[in-house]
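Residue numbers 10 to 304, in my numbering, belong to the letters of the sequence shown in order.
The structure appears below as structure tokens.
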Amino acid sequence: MKRSTILLIVGFVLLWNSGFIGAEYGLPYTGPFTLIFLRYLVITVLLVIYLIIRKRLKWVGFKAASLNMLIGFLAHGVWLTCVLLALVEEVPAGIVALIVALQPLATGALSGYVTNEKTNKYQWWGLIMGFLGVVLTVAFRIDFSNSSSIFGYLIPLASVIGITIATLIQRKMEINDKNEKLPLDQTLFYQSFATMLALAIPAIFVENLAAKWVSEFTFAMIWLILAVSLGAYIFMWRLIERLDATRVASLFYLGPPVTMLMAWLAFGDTIKIMDIVGLSVVFIGVILTSRVKSN
């Protein structure tokens, strides 16, 4: 593996998972819909200015625009909204990361149907093992007497569905000449614009764009905009250009330990025994999937 690819992987893992921590810093001062809307409003404006300066702001056609806007809605809008809603329901950041870590197994299982990357029985065993690891960790943290608690732990599954579909569509665009692939700056513009439009209605009419612009919230917004929404996603799309969907998706398995460590350092979140057991079982699922890939 090239050194540049390794650097992309390290940068992606650190920046992507820092988004969970940035969200926890920002949510006390605004609602989840407003947080995402303001975030992507600023990103869209920045990208418009950049594209105007570079003389690259243009309509790329309905097919290319609609595909990239769909990817943006799923990878940014659905993914982030459901993650933030889970945090609002007081699901620990590390556990949210563990639940969405099902995404690599979902991508590996479905990629054969979408990108012709075949899935065999060992990868299905990996899917099952990964799911069991998530169940082990989450089951010991749910308050089953509280229905809202159960709902909170189910919300991140929608994030898994959104990011999985987005990753597969993006990968198919990379390997299918029939689909027009846009430069990265235009790709991010259409994706950010779609996310901003999707979140505008709930942010305005449900939360009234209410926000407390204290220093903590401002810093969290700057970090989420520059480091996560721009930096992490640029790294991810670059990796999808170089690696197949399953390999890129497998990086999400690094999410739970990295996020739990960040949450422990930032907020003093407790790491429980069953968290470690669950992560170990998930890791077995990764080995099964990776072993098949190498063979």
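Just so you know, even glycine gets a beta-carbon here, dropped at the ideal spot from N, CA and C.
All values reported here derive from a predicted model rather than from experimental measurement.
Query - Three or more C-beta pairs below 8 Å linking the stretch 155–173 and the stretch 126–141 - result: Output reads no: the stretch 126–141 does not touch the stretch 155–173.
Query - Inter-residue spacing [alpha-carbon to alpha-carbon] between Trp232 and Gly161 - result: Numbered from 1 along the sequence shown, position 223 holds the residue referred to as residue 232. Numbered from 1 along the sequence shown, position 152 holds the residue referred to as residue 161. Separation of Trp232 and Gly161 (C-alpha to C-alpha, rounded to the nearest whole angstrom) is 25 Å.
Query raised in the report: Mapping DSSP to helix, strand and coil, what is Thr279?
Result: Here residue 279 is taken as the residue at index 270 of the sequence shown, counted from 1. Thr279: coil per DSSP, three-state reduction.
Query raised in the report: What separation, rounded to the nearest whole angstrom, lies between the Cα atoms of Gly287 and Trp68?
Result: Taking the sequence shown and counting its residues from 1, one reaches residue 287 at position 278. Taking the sequence shown and counting its residues from 1, one reaches residue 68 at position 59. Between Gly287 and Trp68, the C-alpha separation is close to 47 Å.
Report task. State the CB to CB distance for the pair Gly35 and Ala229, rounded to an integer number of angstroms; the pair is presumed to be in contact (CB under 8 Å). Result -> Counting from one through the sequence shown, the residue named residue 35 turns up at place 26. Counting from one through the sequence shown, the residue named residue 229 turns up at place 220. Right, their Cβ atoms sit about 4 Å apart.
Report task. Please state whether DSSP places Glu39 in a helix, a strand or coil. Result -> Reading the sequence shown from its first residue, position 30 is the one you call residue 39. The sequence shown places Thr at residue 39, rather than the Glu named in the question. The DSSP-derived three-state label of Thr39 is strand.
Query raised in the report: Helix, strand or coil for Ala106 per DSSP?
Result: For this step, residue 106 is matched to residue 97 along the sequence shown. Helix at Ala106.
Query raised in the report: Does DSSP classify Ala219 as helix, strand or coil?
Result: Start at 1 with the first residue of the sequence shown, and residue 219 comes out as number 210. If DSSP states are grouped into helix, strand and coil, Ala219 belongs with coil.
Query - Whole-angstrom distance between Pro113 and Ile15, CA atom to CA atom - result: Numbered from its first residue, the sequence shown carries residue 15 at position 6. Numbered from its first residue, the sequence shown carries residue 113 at position 104. Near 18 Å, if we compare the C-alpha coordinates of Pro113 and Ile15.
Report task. Quick one: which unbroken alpha helix (DSSP H) runs of 4-plus residues sit fully inside the stretch 222–296? Chain order, please. Result -> The qualifying runs are 224–232, 242–251, 254–259, 264–276.
Requested in this report: Classify Thr124 as helix, strand or coil using the three-state DSSP reduction.
Outcome: For the purposes of this step, residue 124 is taken as residue 115 along the sequence shown, with counting starting at 1. In the three-state reduction of the DSSP assignment, Thr124 falls in the coil class.
Query raised in the report: Under the three-state reduction of DSSP, which class applies to Trp133: helix, strand or coil?
Result: Against the sequence shown, residue 133 aligns to sequence position 124. Shown here, Trp133 sits in a helix according to DSSP, grouped into three states.
Query raised in the report: In or out: Val291 buried (at least 16 other Cβ within 10 Å) or exposed?
Result: Along the sequence shown, one-based indexing puts residue 291 at 282. Around the C-beta of Val291, 16 or more other C-beta atoms lie within 10 Å, and the residue is accordingly described as buried.
Query raised in the report: Roughly how many angstroms lie between the CA atoms of Pro211 and Trp88, to the nearest whole one?
Result: Translated into positions along the sequence shown, residue 211 becomes position 202. Translated into positions along the sequence shown, residue 88 becomes position 79. Approximately 16 Å between the Cα atoms of the pair.
**Report entry** Residues near Phe226 in its chain [Cβ-Cβ closer than 6 Å; skip 5 each side]
**Finding:** The sequence position of residue 226 within the sequence shown is 217, counting from 1. Only Gly35, Tyr38 meet the Cβ criterion.
Query raised in the report: Cα separation between Lys11 and Val257?
Result: Counting from one through the sequence shown, the residue named residue 11 turns up at place 2. Counting from one through the sequence shown, the residue named residue 257 turns up at place 248. Cα-Cα distance, rounded: 15 Å.
Query raised in the report: Do you know offhand how far Lys181's Cα is from Val109's?
Result: As a first step, residue 181 is located in the sequence shown; it is residue number 172 there, counting from the start. As a first step, residue 109 is located in the sequence shown; it is residue number 100 there, counting from the start. When only Cα atoms are considered, Lys181 and Val109 end up about 22 Å apart.
Query raised in the report: Are the beta-carbon atoms belonging to Leu197 and Leu24 less than 8 Å from one another?
Result: Along the sequence shown, read from residue 1 onward, the residue named residue 197 stands at position 188. Along the sequence shown, read from residue 1 onward, the residue named residue 24 stands at position 15. Their beta carbons are not under 8 Å apart, which means Leu197 does not touch Leu24 by this criterion.
Query raised in the report: Leaving out five residues before and five after Trp273 in sequence, what residues of the same chain have Cβ atoms less than 7 Å from its Cβ?
Result: Position 264 of the sequence shown, counted from the first residue, corresponds to residue 273. Setting aside the 5 residues that flank it on each side, Trp273 is surrounded in the same chain by Ile280, each with a C-beta closer than 7 Å to its C-beta; the list follows chain order.
Query raised in the report: Three or more C-beta pairs closer than 8 Å, one from the stretch 192–207 and one from the stretch 236–255: is that the case here?
Result: With the cut-off at 8 Å, the stretch 192–207 and the stretch 236–255 touch.
Query - Span of the alpha helix (DSSP H) around Gly70 - result: Here residue 70 refers to the residue found at position 61 when the sequence shown is read from its first residue. Bounds of any alpha helix (DSSP H) do not take in Gly70, whose DSSP letter is neither H nor E.
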